[in-house]
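Below is one structure, written out as structure tokens; the observations come after it.
This is the structure:
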């Protein structure tokens, strides 16, 4: 199905609600060549969440996998002009496709309607391509909605220049022998800007092979593919790397073919970084970014030889090329802070968004004189390495003291009996807030008193958690980050 023949033209918003399957890549490039705008939609969204993004973006077309069609149908035709339905088995070899059809538990019925299309594998057309006249600097290519963990989501407008600039910035940071013709394990969801950029657009731009994993939570499948396909690059998130090295049968698989890993989306605990490198021999570095930066802003140098010379544990690295960063006062947003003093990180560069979609008030607060105010508390050392202290919204103020959860989490992770942890602030009648730690045990003998004493030896007394809650697992957002909003909600502020 050729999008141009459906009447889709420059400026139209096209919602793409697909996991990591070949059709995502096909439609991604078809949409941007037409000058239309991709609206990224998480396939796990509820109908209500989908409706919000359709309404907010003004998308008139949805491309969706058949498994999720039930969420889309209530929006047709009132909110959606057309729906394009794809099936993953169309890209499978004939025998595998038949087996897939036989073992699939549920087959969604695709309704017959004028503007609902079942799209098979596209064939080369003899018709001329309807490529649009694109202004790379100003024309939007993609709307990326923020996670919405602090309120209603808002969409960052990313232009063609933003996306291509960021892909080249990432490639420039890679060792020369990995700049082209390698293979990537693409398990981070493409609907998340980090996955789209590091696991799809960047490898394609450098002529590399992409190995798709539709479900990043399936650790066993990831290990099998690493063992069989031997990917060289493995961009990921901390929970994914943790899942790999703690999988019960990990020693059955050869995972030492992986050479370079960039962790993003959430803070990378130092102990996890060390353990992963020790087990795999790969380089695992932490980067930093946000939807508003396409998303990559910082990366620790990917150096194989003498890597310790360029490494600062706990740092997200240096700004990528052509990117300017400074740390400013949280009081006035202007005064630059001294080295190693925390403040708000602000960024300027070719990958920084054009603005938020239909959010003039947010634009005025976030984009000031070309600088993106990230809302993240950070500090910068003498060598220009940036350390994310915490999200501004996560800051805990207890008895007048500022406490950054990440600092406390890093200490707790040093305890060998801890598997995972998350720290939040909860209401306290005397201190305003106090520190609470949620912990998943690695050793069942671990006690709350042991954790508190461990922290007392390593932290100022006002930073030590006063409340410890042990859990079997931590809640995750749809993109695999620890969901602190859920932890706060479950705690009811107590």
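Numbering (UniProt numbering), first residue to last: 1 to 494.
Every residue gets a Cβ at the ideal spot worked out from N, C-alpha and C, and that includes glycine.
Of the residues assessed, residue 111 falls on the exposed side of the cut-off, its CB having fewer than 16 other CB atoms within 10 angstroms. 9 Å or more divides the Cβ of residue 183 from the Cβ of residue 224. Residue 57 and residue 294 have their alpha carbons spaced roughly 18 Å apart.
In summary, residue 109 is exposed, with fewer than 16 beta-carbon neighbours lying within 10 Å of its beta-carbon over all protein chains present. Residue 174 and residue 192 have their C-alpha atoms spaced approximately 22 Å apart. Rounded to whole angstroms, residue 379 and residue 386 show a C-alpha spacing of 6 Å. Within the segment 176-229, the runs of alpha helix (DSSP H) at least 4 residues long that lie entirely inside it are, in chain order, 193-196, 202-205 and 219-229. In the structure shown, residue 470 falls within a strand segment according to DSSP collapsed to helix, strand and coil.
In the structure shown, residue 162 falls within a helical segment according to DSSP collapsed to helix, strand and coil.
The count of Cβ pairs closer than 8 Å, one atom from the segment 427-436 and one from the segment 350-367, stays below three, leaving the stretches out of contact. A distance of 9 Å or more separates the beta carbons of residue 63 and residue 90. Rounded to the nearest angstrom, the gap between the Cα atoms of residue 253 and residue 231 is 13 Å. Sixteen is the threshold: when 16 or more other Cβ atoms of the shown chains lie within 10 Å of the Cβ of residue 208, as they do, the residue is buried. Taking 9 Å as the cut-off, the Cβ atoms of residue 245 and residue 268 do not count as close.
Contact check for residue 134 against residue 288 fails: the beta carbons are separated by 9 Å or more.
With contacts defined as CB atoms closer than 9 Å, residue 214 and residue 88 qualify as a contacting pair. In the displayed model, residue 361 falls within a helix according to three-state DSSP.
Under DSSP, residue 254 takes part in no beta bridge, so it has no partner. When DSSP states are grouped into helix, strand and coil, residue 59 belongs to the coil group. Per DSSP, residue 143 is not a residue of any alpha helix (DSSP H); the beta strand (DSSP E) it occupies stretches across 140-145.
In this structure, DSSP gives residue 236 an extended state, which the three-state scheme calls strand. Secondary structure note for residue 67: it is in no beta strand (DSSP E), with a DSSP letter that is neither H nor E. Between the beta-carbon of residue 284 and that of residue 324 there is about 27 Å, and that puts the pair past the 8 Å contact cut. With at least 16 other beta carbons inside 10 angstroms of its own, residue 239 counts as buried. Membership of residue 134 in any beta strand (DSSP E) is not indicated, and neither H nor E is assigned to it by DSSP. With at least 16 other beta carbons inside 10 angstroms of its own, residue 14 counts as buried. Residue 347 is positioned such that its CB atom lies closer than 9 Å to that of residue 297. Using a Cβ distance threshold of 9 Å, residue 438 and residue 449 do not count as a contacting pair.
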